[in-house]
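*Asks:* Residue numbers (the UniProt record's numbering): 1 to 101.
#1: Apart from the five residues just before and just after residue 100, which ones in its own chain have a Cβ nearer than 8 angstroms to its Cβ?
#2: Could you please give me the residues that DSSP links to residue 22 through a beta bridge?
#3: Relative to the alpha-carbon of residue 42, which residue among 97, 86, 78 and 93 has its alpha-carbon at the smallest distance?
#4: My assumption, with CB atoms under 8 angstroms, is that residue 53 sits in contact with residue 83. Please give the rounded CB distance.
#5: Between the Cα of residue 26 and the Cα atoms of 2, 60 and 66, which residue gives the shortest distance?
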């Protein structure tokens with residue numbers, strides 16, 4: 001089982017506009033699940049540090065928290081898109097296509 005939980009805060013609304021998207025790959029169409037799994041592997045998510053932040057963040061920047069639970073392994077990464085590797089940016093973009101919880 002692989003479950004991804006993406007939480008986004010920031011922008012002009014700050015914490016009040018926080019959105020969370022939860023995606024369980026076992027509940028998706030095979031092509032969708034495969035695409036997300038590929039991106040998760042491509043960014044080597046479980047090897048990423050817990051923090052990937054910009055050196056000088058601005059007050060309107062979005063901050064993402066991604067929690068992944070895969071086959072009993074769990075990892076969290078807190079990041080700005082500008083500081084994230086390209087595969088993590090692509091994964092974030094794909095997850096943002098799903099409706100918020």
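Just so you know, even glycine gets a beta-carbon here, dropped at the ideal spot from N, CA and C.
Small disclaimer: the values here were computed from a predicted structure and weren't measured.
*Replies:* On the basis of the data shown:
#1: Around residue 100: 19, 20 and 21.
#2: DSSP output for residue 22 lists 5 as bridge partner(s).
#3: Comparing Cα-Cα distances from residue 42 to each of 97, 86, 78 and 93, the minimum goes to 86.
#4: Beta-carbon to beta-carbon, residue 53 and residue 83 are separated by about 6 angstroms, close enough to satisfy the 8 angstroms threshold.
#5: Considering only alpha carbons, the answer is 2.
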